[in-house]
Every structure is written in structure tokens, then in C-alpha cells.
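Take a look at the structure below.
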Amino acid sequence: MKVKINNREYEFDQEISILDATKKAHIKIPTLCYSEKLEPFGSCRLCSVEIKGERTLKPACVTKITDGMEIFTHSQRVRKTRKTIMELIIASHGINCNLNCLTCSKSGSCEIKEVAEEIGVTEIRVPPISNGLPEDRSSYSIVREPQKCIVCNRCVRKCSEVQSVNILTIANRGPDTYVTTFMDKGMGNVDCTNCGQCILECPTGALHEVYQMDQVWAALSDESKYVIVQTAPAVRVAIAEEFGAEPGKIATKQMVAGLRLLGFDKVFDTNFAADLTIMEEANEFIERFKNNGKLPLFTSCSPGWVKFLEHNYPEFIDNLSSCKSPQQMFGAIAKTYYANKLGISKEDTVVVSVMPCTAKKFERVRSEMKGDVDYVLTTRELAKMFKLAGIDLLNVPQEEYDEPLGISSGAGAIFGATGGVMEAALRTAYEVITGKELEKLDFESVRGIEGIKQATVEIDGINLKVAVVNGLGNARKVLEMIKSGEKEFQFVEFMACPGGCIGGGGQPIPTNNEILLKRMQAIYEIDRSLSIRKSHENPAIKTLYEEFLGEPLSEKSHELLHTTYIARS
1 MKVKINNREY EFDQEISILD ATKKAHIKIP TLCYSEKLEP FGSCRLCSVE IKGERTLKPA
61 CVTKITDGME IFTHSQRVRK TRKTIMELII ASHGINCNLN CLTCSKSGSC EIKEVAEEIG
121 VTEIRVPPIS NGLPEDRSSY SIVREPQKCI VCNRCVRKCS EVQSVNILTI ANRGPDTYVT
181 TFMDKGMGNV DCTNCGQCIL ECPTGALHEV YQMDQVWAAL SDESKYVIVQ TAPAVRVAIA
241 EEFGAEPGKI ATKQMVAGLR LLGFDKVFDT NFAADLTIME EANEFIERFK NNGKLPLFTS
301 CSPGWVKFLE HNYPEFIDNL SSCKSPQQMF GAIAKTYYAN KLGISKEDTV VVSVMPCTAK
361 KFERVRSEMK GDVDYVLTTR ELAKMFKLAG IDLLNVPQEE YDEPLGISSG AGAIFGATGG
421 VMEAALRTAY EVITGKELEK LDFESVRGIE GIKQATVEID GINLKVAVVN GLGNARKVLE
481 MIKSGEKEFQ FVEFMACPGG CIGGGGQPIP TNNEILLKRM QAIYEIDRSL SIRKSHENPA
541 IKTLYEEFLG EPLSEKSHEL LHTTYIARS
């Protein structure tokens with residue numbers, strides 16, 4: 001069909017939205033309620049365009065093109081309308097910010113500010129309108145500031161359409177409309193999984209992580225404390241984005257140097273604990289498989305996924321691996337094995353985690369493992385600390401992790417991408433079961449950002465049916481398949497966030513599919529670059545078992561590295 005956009009003719013093969021058509025024509029239309037990952041909603045009306053022959057302006061995101069349609073995206077009438085709408089949106093933002101943003105919690109790019117600048121809003125003629133709603137600080141992971149909310153509905157839709165968690169909703173009508181939780185109970189008192197995907201969607205800073213930067217600064221200033229830090233695999237391929245680098249830039253060694261400049265006594269790698277997790281989890285799978293244990297085995301590295309299962313599918317709790325996540329395993333080893341080596345008490349050892357995940361903040365206070373980790377910073381929080389300390393991350397001299405808890409394999413590195421835990425486990429499980437060396441380490445069938453991946457892996461004449469799932473909406477689909485008997489698996493990797501940890505709720509904003517793929521490519525580049533690519537070949541892991549743990553699934557391992565789960569109402 002042929003369409004005219006701003007007096008130029010374009011031809012399209014199918015009926016698409018005006019917004020999609022203008023994108024193909026390389027014409028940018030401002031939006032706030034629109035997100036590529038969500039169904040179009042058409043609430044903000046900033047994308048309104050003029051159509052010849054129509055009396056009213058039409059929202060481009062929900063209006064389909066028709067043959068012969070003539071569209072004007074930036075006519076005088078459109079520009080004037082958008083400016084008025086934007087002024088009203090800023091007024092409903094509820095704070096007297098005048099776009100100065102001094103009190104805003106938004107990290108990185110601020111959509112509302114950027115769109116205002118695009119539209120040409122340079123002054124605020126409409127006084128701010130406060131909805132009078134209090135902050136919601138009931139969660140260990142996420143803070144809601146309703147006065148900054150413009151009711152674009154993106155958080156609600158992400159929670160329902162993508163994650164199928166459905167804890168956010170719209171209440172009231174007209175100017176009294178606001179976003180809330182069931183009966184206004186707060187995010188900490190409903191079935192929230194703490195995944196933080198709502199934060200990635202929020203354009204105004206009305207949602208953000210629970211900050212722990214001040215507590216970390218205080219710990220670093222306390223001379224009586226020995227403060228160590230661990231960094232998750234997904235952080236190193238994303239944090240540089242906060243300093244203007246292209247997505248997927250690997251900034252591992254610069255990040256290590258920056259952490260030392262902040263004053264940490266030791267800088268270690270969560271990848272070490274990922275290798276440790278594989279040693280325990282792979283052997284747990286082998287034990288269950290050989291002894292008719294509970295299968296399929298579900299991975300337990302993602303605390304958002306674990307809490308989702310506890311709330312929604314408690315009948316599958318016994319399928320969860322009893323292994324703690326790498327974050328918690330690291331804390332347990334750091335406060336026992338490593339602290340003992342240095343002659344430092346557990347009480348004087350402070351463990352700080354840098355994670356791509358907001359759910360890790362909740363995980364650290366779970367009663368089953370409380371005390372392993374003291375503070376959790378997101379990727380965004382660490383970037384803020386670097387900036388506050390005047391550290392130019394992209395130009396600091398590169399440094400290596402400390403030993404021994406900084407030694408890791410490529411298998412530990414790929415934990416950061418969906419499919420990575422499965423692939424790392426298969427590398428070790430294959431060699432433990434067969435006693436033979438893998439000829440090809442790359443399990444391509446479990447890679448990629450598809451929401452659900454299924455594969456059959458042959459090990460010593462046995463065909464293992466495995467699945468890799470990312471995003472909680474996809475987790476629900478797979479669990480229902482297993483529940484109904486439609487699908488049968490022996491081993492399933494679940495990650496709460498789309499793309500896995502690289503798309504975590506604590507990562508730089510924006511996080512879209514294009515960015516996810518670049519971060520994922522960087523993760524696998526790290527794996528390929530390392531001389532050790534299998535967890536069971538990590539020399540520091542071997543020493544840990546020889547000196548302290550004995551063997552995988554030993555009594556000591558179960559005491560420190562394994563946990564239990566609960567059915568939640």
C-alpha cells in the first residue's frame with residue numbers, strides 16, 4: 001500500500017502502525033507510553049499526527065496506515081498540541097522540577113526530559129499537580145515514588161504482559177488515576193518478585209532500586225571493617241554504557257581498578273562463585289538423575305525466578321536446586337574460608353555485591369541465607385559511586401582481580417546470559433559422567449535471547465531433554481507445559497529477566513533487544529578469550545575443595561552452599 005508522509009510517498013507491504021511506518025521512513029515521533037516490548041497503549045498522545053481529511057489528530061502508535069493515507073508528523077497543529085500535552089504531563093509529574101532534575105532518582109537517560117527537549121518545552125506554564133500519594137518503601141528491592149508517576153502504564157504492562165506477575169494496576173479514573181498495588185498494600189506486601197523490569201520501563205524515575213550506596217560508603221570509611229566486593233558477570237559488559245560507551249564494551253579491568261580506587265580492601269569476581277555453583281549443581285543433577293531423584297531439576301541462581309515459583313507454583317519447590325546463588329555462595333565462602341585464611345572475624349568482614357539484579361537485594365535478607373552478603377549495589381549504583389568519586393571509568397589503568405576468589409573460568413562468565421548456566425553445567429556434567437573431554441565446548445542450541453529454547457543433549461548414550469527459559473511470562477508457560485504433561489525435561493534453566501542477567505532490573509537504561517544481543521556477544525567473547533573454560537578446571541575451585549569443602553555435596557558444602565525454599569501465600 002502507498003502512503004504519503006510529509007508529502008513524500010512511501011510503499012509498505014503490510015498494514016502497520018503509523019509509528020512503525022514513520023520509523024521505516026527514518027522520521028522520529030516523540031513517545032512516552034510506547035515501548036517496543038509492549039502492546040501499544042495510546043495513553044500519552046504525544047505521538048499524535050495529522051491525517052488529511054480527519055478532523056482530530058490520531059495517535060500514531062495505535063493507528064494503522066491505509067492505502068492512500070496522507071500523514072503529517074510535525075505540522076504546526078501537531079507541534080502545538082504536543083507542546084501542550086507535554087506541559088500537562090510535566091505538571092502531572094508532581095514535583096516542582098522545571099526539568100532541573102535535582103531531586104530525581106532516574107539513572108542515566110531521562111525520557112521525560114529528553115522528550116521535552118525534542119518537543120521544545122523550555123518553560124513550565126502549568127503549575128505542578130501533586131497527587132498527594134506517599135512513597136512506597138515496603139520492598140527490600142524497589143522504591144515507588146507516585147508523585148513522579150505520569151501514569152504511562154508501561155510498568156503495569158511490563159509486569160503483566162512480559163512477566164505475568166500482575167502486581168501493579170491502575171486505580172480510579174480521570175485526573176485521580178494512579179498506579180498502585182493490590183489494595184495499596186505496597187510492593188513488599190504483594191507477590192512482587194523484585195525483578196525490577198518495571199524500573200527499566202519507567203520514563204520518569206517514579207520507580208528505582210532501594211539504594212545502598214550510603215551504607216557502602218560508610219563501610220569503606222570504617223577502619224575496623226575489612227570490606228571486599230564481588231562483581232557479577234553481566235556488570236562488566238554493561239557498566240561502560242553509563243559512561244557513554246557502546247553497549248557490549250567489556251570494561252572488566254577498568255571496573256576492578258575503579259573499585260580499588262573507591263577503597264575496597266579486595267576486589268573479587270562472582271564468576272569464581274559461579275564456577276562453585278556449577279560444581280555443586282552439576283553434581284546435584286547427576287545424583288538426582290542416577291538415583292531417581294526429583295526431576296526436572298530447576299536452576300536456582302535467579303532470586304526473582306525463585307520467588308515467582310514460591311508464590312505461584314509451590315508444588316514445584318522440590319524441583320529447585322538446593323544450591324544457593326553465586327552471590328550467596330561467594331558471601332558464605334568469603335566469611336568463612338577466606339576470612340579464616342586472613343585471620344579476620346566474620347563480624348568484621350563486610351561483603352558487598354555489584355549485581356545487574358534488583359532481586360539480589362531481597363535475596364541477601366532471606367532468612368535462609370541472611371548474613372552471607374551485607375550490601376548489594378546495582379550496576380547503575382556503582383556507576384553513580386564512580387562518578388561521585390571522580391573516577392573516569394573508561395580511562396583508568398586496567399587492573400586484575402585479586403586471588404584466590406578472583407580466579408574464574410569461561411563457564412562462570414557465561415552465567416550472565418540466558419542459557420549460560422545450562423551450558424556451564426553441561427560442560428562439567430558431561431566430563432564428570434563420561435570421564436572424557438568434551439570435543440566441542442559451545443552448546444549453541446541453548447544460546448540466544450529467545451524466550452524458550454529446547455534441546456536434546458547426548459551424554460554417554462543418554463539423551464537429556466533440557467530447556468532454557470528467560471522472562472517470567474515464559475517461565476509460566478513452561479511450568480504449565482510440565483504440569484500438564486505436554487513437555488518432559490530433565491533439566492531446566494530459568495531466569496527472571498528477559499535475556500537473563502544482562503537484562504536485569506539493575507542494568508543501565510535503556511535495555512532493549514539490540515542492546516541485549518551486544519551484551520550477550522561480549523559475554524561469549526570473554527568466555528572464548530579465557531584459557532580455562534570449564535568450572536571443574538578452575539585451580540582456585542580445586543584448592544577450595546582440597547583445603548576446605550572436601551568434595552561437591554559434602555556435609556560442609558551443604559552447610560554453607562545449599563539452602564531451602566518456602567511456599568509463599
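If you use UniProt numbering, the sequence shown closes out at 569, no skipped numbers anywhere. Backbone N, C-alpha and C define an ideal beta-carbon position, used for all residues, glycine too. Note that the coordinates shown come from a computational prediction; the quantities given were computed from them, not determined experimentally.
Exposure label - residue i; buried when at least 16 CB within 10 Å
i: Val165; result: buried
i: Asn96; result: Its pLDDT being 47, under 50, Asn96 is placed unreliably by the model, and the measurement read from it follows with that caveat. It is exposed - the Cβ of Asn96 has fewer than 16 other Cβ atoms within 10 Å.
i: Ile18; result: buried
i: Thr379; result: buried
i: Asn98; result: Confidence at Asn98 is low in this model, with a pLDDT of 48, below 50, so its placement is unreliable and no value can be given for it.
i: Ser141; result: buried
i: Gln254; result: buried
i: residue 589; result: Because the chain is modelled from 1 through 569, residue 589 falls outside the range shown and cannot be assessed.
i: Ile449; result: buried
i: Lys307; result: buried
i: Pro132; result: The sequence as given places Gly at residue 132; Pro does not occur at that position. Gly132 is exposed by the Cβ-count criterion.
i: Glu559; result: exposed
i: Ser43; result: buried
i: Ile462; result: exposed
i: Ser92; result: buried
i: Ser224; result: exposed
i: Glu11; result: exposed
i: Thr66; result: exposed
i: Ala218; result: exposed
i: Glu281; result: buried
Inter-residue CB distance, residue i and residue j (contact presumed, cutoff 8 Å)
i: Ile27; j: Ile51; result: Actually they are not in contact, since the Cβ atoms of Ile27 and Ile51 sit about 15 Å apart, beyond 8 Å.
i: Glu310; j: Ile566; result: 6 Å
i: Asn319; j: Lys294; result: 6 Å
i: Val478; j: Ile509; result: The Cβ separation is near 28 Å, so there is no contact.
i: Lys158; j: Gln197; result: 5 Å
i: Met520; j: Ala455; result: The pair is not a contact, with the Cβ atoms about 17 Å apart (cut-off 8 Å).
i: Gly205; j: Lys148; result: 6 Å
Candidates the options: closest to residue i by CA position
i: Arg288; options: Gly68, Asn172 and Ser322; result: Ser322
i: Gly500; options: Ile482, Gly304, Glu488 and Tyr313; result: Gly304
i: Thr252; options: Leu517, Phe268 and Lys113; result: Phe268
i: Gln327; options: Ile344, Cys301 and Phe308; result: Cys301
i: Ser569; options: Ser367, Glu315 and Ser345; result: Glu315
i: Phe386; options: Val78, Ala257 and Val190; result: Ala257
i: Gly504; options: Lys361, Val151, Cys61 and Met422; result: Lys361
i: Arg236; options: Ala282, Lys37, Glu223 and Tyr401; result: Tyr401
i: Ser535; options: Pro127, Pro128, Ile407 and Phe330; result: Ile407
i: Thr563; options: Glu514, Leu464, Ala116 and Met329; result: Met329
Beta carbon of residue i nearer than 8 Å to that of residue j
i: Ile167; j: Phe182; result: yes
i: Leu561; j: Lys324; result: yes
i: Ala240; j: Leu393; result: yes
i: Ala245; j: Ile502; result: no
i: Gln507; j: Pro356; result: yes
i: Glu195; j: Val179; result: Glu is not the amino acid found at residue 195; the sequence shown has Cys there. The answer is no: Cβ separation not under 8 Å.
i: Pro539; j: Met279; result: no
i: Phe264; j: Leu220; result: yes
i: Ala389; j: Leu261; result: yes
i: Glu118; j: Pro30; result: yes
i: Arg548; j: Lys542; result: Inspection of the sequence shows that residue 548 is occupied by Phe rather than by Arg. No; because the gap between Cβ atoms is not below 8 Å, this pair is not in contact.
i: Ala424; j: Ile459; result: no
i: Lys64; j: Glu15; result: yes
i: Gln490; j: Val466; result: yes
i: Ser139; j: Cys192; result: yes
i: Phe494; j: Phe298; result: yes
i: Val432; j: Ile286; result: yes
i: Leu342; j: Cys152; result: no
i: Tyr338; j: Leu426; result: no
i: Glu39; j: Asn512; result: no
i: Gly68; j: Lys2; result: yes
i: Thr358; j: Glu209; result: yes
i: Arg447; j: Gly473; result: no
Any chain C beta carbon closer than 8 Å to residue i
i: Ala60; result: Considering every chain present, this structure includes no chain C. It has just one protein chain.
Could you tell me whether the stretch 327 to 334 touches the stretch 365 to 372, using the rule of 3 or more Cβ pairs below 8 Å? yes
With three or more beta-carbon pairs closer than 8 Å as the criterion, would you say the stretch 516 to 531 touches the stretch 387 to 397? no
Does the stretch 426 to 446 come within contact of the stretch 162 to 180, defined as at least 3 CB pairs closer than 8 Å? no
Across the stretch 40 to 56 and the stretch 76 to 90, are there enough close Cβ pairs to call them in contact, namely three or more that are closer than 8 Å? yes
Can we say the stretch 398 to 412 touches the stretch 270 to 278, given the rule of at least three CB pairs closer than 8 Å? yes
Taking three-plus beta-carbon pairs below 8 Å as touching, is the stretch 343 to 358 in contact with the stretch 221 to 233? yes
Under 8 Å: do the stretch 49 to 68 and the stretch 169 to 178 share three or more Cβ pairs, one atom per stretch? no
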